[in-house]
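Per this note's numbering, the sequence shown starts with residue 1206, numbered consecutively.
The C-beta atom is built at its ideal place from N, Cα and C for all residues, glycine as well.
Here's the structure we're looking at; comments come further down.
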Amino acid sequence: MGGLRYYAKSNTYFFTVDQQVVSYHSGRVKEITDNQGWNVTAIIHDEVHLSKTISAGIVQHYALREGKPVPFLRTETDGFVISNALDYPYVFINQETLYYLPAHSTVAERVGESPPGMPPVGFLNQTKSSMLWIPTEKGLWGLMLTGFKNFKDGEVPNPWSVVEDSEGKYLFLNYWKGVQEYDGKNLRFIPQRNYYPKAVASYKPLEISPGPDNWYFRAFRDQDGYCWLPEGTGLYRYKNGAWDFIRKGMNNLAFTIAEDVGRRKVVVASYQHAFTVDIDPPFRTDSIRGKSLLFEGLLLCGVVSPSGKYWFSGRGVERYDSDTKKFTSYTFENKKLPVKSFYMLYFDWNGTLWAGGKEALCRYNPKKDSFEKMFDFKFHQLVQFAEQIDVDRLLIADMKNLYVLNLKKFNATGKVDIKTFNHHNGFMGMEPGQLGSYRDSKGRIWITSGSVLSVLDPTKLDLTTRPLRTFVTSVNKRGVSFTHPDELVEVPEGESIINVKVETLGEDKPYNSQFSYRLEGEMDDWTDWQEQPLITLNNLSNGLHTLRVRSRSGDFNAHGESIATLHFRTKVAIWKSPDFYLYAVIVALALLTALAMLGAISQRRKRKLLQQQNRLEERERSMQLLQAQTIQSQMNPHFTSNVLAAIQNQILNHESERASDNLVKMARLTRAYLDDSLLGQGEQAFRTRDIPLTREIKLLRMYVELMQLQYLDRFDFTLEVPPSLDPEMYKIPQFLIQPFVENAIVHGLHHHQERGHLRVAFRALPDEALLCRIEDDGIGREAVRRIQNQSHKEYASVSTNLSQQRVALLNQLGYDIAIDIEDRKVGTGTVVSTRVGFS
């Protein structure tokens, strides 16, 4: 038994036995053919296909209709014959060449070499598709059926213009690579000596035109059958193998050209001017030079309106009336252009002027005498060209895609109906060329690009839009089932950061799909659209989660949305859970409450001891001592509040592990704060609470590190203690330095636009006093005062004012402390100098 096929429509099996095709249905066997070399080959579009070997190299192919084989294709060693049309597209191989037979046609098209390992007539049965999927030894191979044909890479090396001559042949103008002639089958280079005249061999062209074969844009054939070709040194005229070169003057760069049919002129956009050339000998030339910014550089495009007006674009747009010699300027500055530059201009068949610029397509509005942006959609980089392909549709190109706009629907309703083409669905050109379209006599559109030359047959263009399908492909680099995408995904324990990769599938897939997502129960609003196919989810709690992902085909959204669903479960450690921040806040509040209670107990104890030792002769000094202690008790909560602000800021930034470390640091700093705040009795007890300079430096460094967490990336910190100074030899009142450091950070460095620097330096003076210099390069005191005056908030530095009052009282108790505040001598900022004397 040979080939076997199952026909699902009638629940029938077809197979080959002894070179005869037999059917089997409901227990009955029926002979379809005789036993003369028959074989059942395929079931395609609900038809059974058979083949019969006539002789070596000759095979007749049949379609089974009403139980009888009907011949439609005969393949031979030297060709093939198609006798009947099929109702659907068909592909076959003959002599290692792949052919495509359109539906309802008896003329097959050569596609190219056959795919590796493809059976002679094997392809998947698809009734609604712009692509035929062919099974091969190397996997599925797709044959595009969208109307595009592409030359092979390198066949046409660098095409910038295409033009059809009077004999139906095509000239391909390759920048720096020469001119090619194509007759529909054969492709050849035209020798340069045929067209590049000796008269310009010694001509030194402009820097923008470095030599021969500088072919540019918009070649055309005039009404007399002559082809006009733009080049860096002038214009070429060609017909029937004869070449003419037209150059007058030394600045005849022809960047783009257009035909003025009524005046029989060629209109040329050049460098710093435009000019016209008579179509008829002796080719009289007239220069066009305006005074606007456009004529200070290269004119990027020139077109002729149906009424005979000339339009030029570049750094703005100029309209020129060749009868009155008057210019009309359209610029971004005079609000007649929505963008600063236009790279292309195009008049459609209705006489509407289109203009393309950076990320925008615009249209001229005669009533407002200005250009209007047509879509909110942002094109990829530059709009390269526009070309009408039939009465209803306009072809538009940017740097990545081709777009077919339903122009009739857009003009009637304003609704945007667009189909996108790129390498996913037939157009293989990368970066379509500037002004790189040409419509030939058959209505086909030739498209230049940075990779290949393509030709589009609009009559074969498939404009059916098909929805995209969205898939989740992996979670943390582990694949997700393609056939069962709703299965629960178990994320390994401890993984709190979830990276989800997504993808879109479909024949109409754009160059860049866009994605949006939401996490049910945790982030119910859809995110903004993004082109990045990676979704990162942070700090998820333990348990089940459901992620919804949708996709669309660019901002035009021509295909609607497709939503994929991912169900997954996470198992994370408590310190990586988002609830950890709530626990941290509770612990912090409990610690603050304990500190407040200890502070209250300490204050009651101090007041009781002072009352017991109260003597008449020491009453006034005791009152001064009580005032100093009261100010100090007010400072301690203020300092603690600043430390908590830094740690809260780190918690809000979701740095859970570092938050845990800094909670420990906070506890140590708060304990040190509490220890240094417990006062003894009397003046001598107050002096015994002086702390060693080593401890003040340690606490100061811890404080600044926590403030750097609060003001992330706002300032750097330097602490200088010279080797000659022994910190253990000095004792100073506690928290004498910290308030001024706080003031420098909160008021000076915080408002500075650039990254600042805080410097604290200690040194011993000759009289054995200790000097601490606090310097910042912040905004300075005057700027701080202006901010305070303009703000509704009170920016008064509470800690600094309390410190100054405290220093005054300490000096009454026998201390020798002096504070000097001044502006930095170089740049902005403030310097605070604190001198502590010792008796």
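So is N1539 buried or exposed if we call it buried at 16+ other beta carbons inside 10 Å? exposed
Distance check for Y1722 and L1868, CA to CA, integer angstroms please. 35 Å
I need the straight-line Cα distance from R2040 to I2022, nearest angstrom please. 6 Å
Helix, strand or coil at D1491 according to DSSP, with G and I counted as helix: strand
Opposing strand residues paired with D1921 [DSSP bridges]: H1962
Under DSSP, the alpha helix (DSSP H) around T1899 begins and ends at which residues? L1898 to Q1915
Using the C-alpha atoms, what's the distance from F1945 back to I1856? 26 Å
Measure from the C-beta of Y1916 to each C-beta in chain C and report whether the shortest distance is under 7 Å. Among the chains of the structure shown, chain C does not appear; only one protein chain is present.
Check whether the stretch 1635 to 1645 and the stretch 1614 to 1626 are in contact - that is, three or more C-beta pairs closer than 8 Å. Result no; under three Cβ-Cβ pairs closer than 8 Å.
Compute the beta-carbon to beta-carbon distance between I1395 and W1433, rounded to the nearest angstrom, for a pair I have assumed lies under 8 Å. Actually they do not touch by this definition, with Cβ atoms about 16 Å apart.
Please specify which runs of the beta strand (DSSP E), each continuous and at least 3 residues long, are wholly inside the stretch 1532 to 1568, giving them in chain order. 1547 to 1552 and 1558 to 1562
Report back the beta-carbon spacing between G1711 and L1739 to the nearest angstrom; my notes put them in contact at under 8 Å. The pair is not a contact, with the Cβ atoms about 20 Å apart (cut-off 8 Å).
Excluding sequence positions up to five away, which residues of its chain have a Cβ less than 7 Å from the Cβ of T1899? P1932 and E1933
Taking the straight line between their C-alpha atoms, what separation do you get for N2016 and F2043? 12 Å
My guess is that F1584 and D1603 are in contact by the Cβ rule of under 8 Å, so how many angstroms apart are they, rounded? Taking 8 Å as the upper bound for CB-CB distance, F1584 and D1603 are in contact here, some 4 Å apart.
For the alpha helix (DSSP H) that contains T1618, what are its first and last residues? L1612 to T1618
So if DSSP puts I2060 in a beta bridge, which residue, or which two residues, is it bridged to? With the chain represented from 1206 up to 2044, any question about residue 2060 goes unanswered, as that position is not in the structure.
Sort out for me which residues DSSP pairs H1182 with in a bridge. Outside the shown range of the chain, which is 1206 to 2044, sits residue 1182, and nothing can be said about it.
Give the DSSP-derived three-state secondary structure of S1654 in the structure shown. strand
Could you work out which residue in I1493, V1509 and L1504 is closest to R1469 when comparing CA atoms only? V1509
In angstroms with no decimal places, state the Cα-to-Cα distance between V1790 and K1682. 35 Å
At the level of alpha carbons, what is the spacing between G1272 and E1252? Take the alpha-carbon of G1272 and the one of E1252: they are about 11 Å apart.
Just curious, the alpha helix (DSSP H) that E1386 is in, first and last residue? Element bounds for E1386: not the alpha helix (DSSP H) but the beta strand (DSSP E), G1383 to Y1387.
Endpoints, the alpha helix (DSSP H) within which Q1943 is located: That run of the alpha helix (DSSP H) goes Q1943 to N1948.
By the 10 Å Cβ neighbour count, where 16 or more other Cβ atoms means buried, how is D1174 classified, buried or exposed? Residue numbering for the chain in the displayed model covers 1206 to 2044; residue 1174 lies beyond these limits and cannot be assessed.
Taking all protein chains shown into account, decide if G1631 is buried (16 or more other Cβ within 10 angstroms of its Cβ) or exposed. G1631 comes out buried.
Using 7 Å as the threshold, is the C-beta distance between Y1421 and F1460 below it? The Cβ-Cβ distance between Y1421 and F1460 falls below 7 Å.
Excluding the 5 residues flanking L1610 on each side, which residues of the same chain have their C-beta closer than 7 Å to its C-beta? R1598, L1599, I1601 and I1623
Sort G1284, R2011, K1374 and A1966 by Cα distance to S1646 and report the nearest one. K1374
May I ask you to report which of helix, strand or coil DSSP gives F1517? strand
Count the C-beta pairs between the stretch 1382 to 1398 and the stretch 1677 to 1694 that are closer than 8 Å, then say yes if the count reaches three, no if not. no
With a floor of 3 residues, list each beta strand (DSSP E) that falls wholly inside the stretch 1586 to 1613, ordered by position along the chain. 1590 to 1593, 1598 to 1602 and 1607 to 1611
Assigned secondary structure, V1367 (DSSP; H/G/I helix, E/B strand, else coil): strand
Cβ contact check for the stretch 1898 to 1916 and the stretch 1948 to 1963: 3 or more pairs under 8 Å: yes
Considering only residues of the same chain and omitting the five flanking positions on each side of G1352, which have a CB-CB separation below 6 Å? L1661, D1662, K1665 and L1666
With DSSP as the reference, label L1954 as helix, strand or coil. When DSSP states are grouped into helix, strand and coil, L1954 belongs to the helix group.
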